[in-house]
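Protein chains in written order, with the numbering used here: chain A, 264 to 526; chain B, 264 to 526. All residues carry an ideal CB built from backbone N, CA and C; glycine is no exception.
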């Protein structure tokens, strides 16, 4: 049912560039950051990313009251070698977006990794809780039948995660529909607080939703663990469309299992 | 396509009982109010409402910072005669919920009506705007395939309104599926800000959503007007399940047409 052989030694990586917070936070920052990043790598590679629609990395921007973070997640080792190399050698103290004449003073660069072991430990754990808190921190949308869906549909969320997972680890976009059906049958939204927010990419405005949802999975423990693994993966891969340009960024928290709760 | 003959002289009626705001607002107020109202009418009629699942009236409670309103909408003339008579003769200065030993001092009772003319004027207007602001003021949910859906699904919203409309004015629950499809094809959600809220009825907790959605209808003017009429009707009939016990209460505002906008 699940095959983890394809992981190898590759680790999902997050590069977190922490900057001084500018006075005004522009919504399109991740779009500009992507343009900046593409300028730092060989034209030919940037071209491939642009033309193929391949998404071996995701980008989003996150602002707090004091900081602005640009976060790049590297998903597919072979396809992101040049981005990895660029950041390994990166030593500038600021980022300059030429197109909009804006610069950001860098305070710190952090790296995070998620290895095969980290994900499969989630998969093989015996006592994982069944409640997941999903925080959609940038506008999230799905493409379905040529239109954008911007409500948290369980099927579209997990279909997106499974598709991205297959793309990253097995180079296909084949989704195991039976497994997806099992997830949908046993997973439901218990709470949500969401609002719509349009995301501007070049000349287009893509509708999305932001906010929090609480999921509960009532399936067998193996399924709960698989849901856990997919959602953790989602912190790197994002959910839905345009994850390379700032959309679909999520954080997940699994509620701790209470004493006496038995599966 | 549309037949308004069945209206006759009957008017949809709202009875708004404005009370002093209690310190603590209990979520189940509309459930208790319904129990109180059923105590005021002949047992046999109350029994019919209870057993048949017939919904010729809706009830909800609305609290502001200074007031608490109980709102009863009377939808089906013949079936609500005894409720109408009761309120026509009502002269008490307080409402007492015996079951929970609570009483509410009445400040004022208002009545509103919506006649055939009011609704059909909406239908025949030539310059109605295409943007509708829907405010779900009490938890709203739909029953679909034996489970509760508590997200604002366009099909479920309009299917519910059309079904209630037919029930009130033509005594069937037949929905014109072709017309519903036309509405769905040309109506979409542009913005929303919603959150889940569970509604407690007796021993059950029914999941619902509350909040605001903005709809836009791009169909022919006749369809826009029909949507307008259905939504206005929704202010009386409510949307979705358990509208007799406090759920599914909505208010609608149509954006004013801007100068120069031409349909």
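{"Item": "Expected contact under 8 Å - CB spacing of residue 276 (chain B) and residue 337 (chain B) to nearest Å", "Value": "4 Å"}
{"Item": "At least 3 beta-carbon pairs within less than 8 Å: the segment 366-384 of chain B vs the segment 305-312 of chain B", "Value": "no"}
{"Item": "Test: residue 579 (chain A) CB closer than 8 Å to a CB of chain B", "Value": "A question about residue 579 (chain A) goes unanswered here, because the residues of chain A that appear run from 264 up to 526."}
{"Item": "Closer than 7 Å at the beta carbon, the chain B residues around residue 333 (chain A)", "Value": "Per Cβ cutoff of 7 Å: no residues; residue 333 (chain A) is ~28 Å from chain B at best."}
{"Item": "Under 7 Å by beta carbon: chain B residues contacting residue 414 (chain A)", "Value": "414"}
{"Item": "Three-way DSSP call (helix, strand, coil) for residue 497 (chain A) in this model", "Value": "helix"}
{"Item": "Secondary structure, alpha helix (DSSP H): runs of 4+ residues fully inside the segment 308-364 of chain A", "Value": "344-351"}
{"Item": "Per DSSP, the bridge partner or partners of residue 437 (chain B)", "Value": "Residue 437 (chain B) is not bridged to any residue."}
{"Item": "Distance between beta carbons of residue 451 (chain A) and residue 417 (chain A), contact taken as under 8 Å", "Value": "7 Å"}
{"Item": "C-beta atoms of residue 498 (chain A) and residue 487 (chain A) nearer than 8 Å", "Value": "no"}
{"Item": "Residue burial classification, residue 440 (chain A) (beta-carbon count within 10 angstroms, cutoff 16)", "Value": "exposed"}
{"Item": "Between the CA atoms of residue 274 (chain A) and residue 427 (chain A) - distance to the nearest angstrom", "Value": "15 Å"}
{"Item": "Closer than 8 Å to chain A by CB, residue 456 (chain B)", "Value": "yes"}
{"Item": "Which listed residue (A:281, A:343, A:376 and A:438) has its alpha carbon closest to that of residue 356 (chain A)", "Value": "A:281"}
{"Item": "Given 8 Å, three or more beta-carbon pairs between the segment 397-408 of chain A and the segment 466-474 of chain A", "Value": "yes"}
{"Item": "Contact belief for residue 346 (chain B) with residue 292 (chain B) at Cβ below 8 Å, rounded distance in angstroms", "Value": "Incorrect: roughly 18 Å between the Cβ atoms, too far for contact."}
{"Item": "Extent of the continuous alpha helix (DSSP H) to which residue 380 (chain B) belongs", "Value": "379-387"}
{"Item": "Run of the beta strand (DSSP E) containing residue 405 (chain B), from where it starts to where it stops", "Value": "405-407"}
{"Item": "Buried versus exposed, by CB contacts within 10 Å (16 or more), residue 287 (chain A)", "Value": "exposed"}
{"Item": "Bridge partners - residue 450 (chain B), DSSP secondary structure assignment", "Value": "B:480"}
{"Item": "Coil, strand or helix - residue 487 (chain A) by DSSP", "Value": "helix"}
{"Item": "Contact set for residue 323 (chain B): own chain, Cβ-Cβ below 6 Å, skip 5 residues either direction", "Value": "293, 334, 401, 509 and 512"}
{"Item": "Length of the line joining the Cα atoms of residue 467 (chain A) and residue 342 (chain B)", "Value": "52 Å"}
{"Item": "Member of A:459, A:377 and A:393 whose CA lies at the smallest distance from the CA of residue 490 (chain A)", "Value": "A:393"}
{"Item": "Minimum Cβ-Cβ distance from residue 523 (chain A) to chain B less than 8 Å", "Value": "Low per-residue confidence applies at residue 523 (chain A): pLDDT is 45, beneath 50, and the placement is therefore not dependable enough to give any value."}
{"Item": "Residues bridged to residue 462 (chain B) [DSSP beta-bridge criterion]", "Value": "B:469"}
{"Item": "Assigned secondary structure, residue 413 (chain B) (DSSP; H/G/I helix, E/B strand, else coil)", "Value": "coil"}
{"Item": "Simplified DSSP assignment, three categories, for residue 371 (chain B)", "Value": "strand"}
{"Item": "Contacts around residue 435 (chain A), its chain only, beta-carbon distance under 6 Å, and the 5 residues preceding and following it disregarded", "Value": "429"}
{"Item": "Sequence-distant residues of the same chain with beta carbon closer than 6 Å to residue 284 (chain A), five excluded per side", "Value": "329, 330 and 331"}
{"Item": "N-terminal and C-terminal residue of the alpha helix (DSSP H) that residue 508 (chain B) is part of", "Value": "Residue 508 (chain B) -> no alpha helix (DSSP H), and no H or E assigned at all."}
{"Item": "Among B:290, B:504, B:359 and B:272, nearest to residue 211 (chain B) - alpha-carbon criterion", "Value": "The structure shown has nothing for residue 211 (chain B), since chain B only spans 264 to 526."}
{"Item": "Residue 348 (chain B), buried or exposed, once every other Cβ within 10 Å from all chains shown has been counted against 16", "Value": "exposed"}
{"Item": "Run of the beta strand (DSSP E) containing residue 502 (chain B), from where it starts to where it stops", "Value": "From DSSP, residue 502 (chain B) is part of no beta strand (DSSP E); its letter is neither H nor E."}
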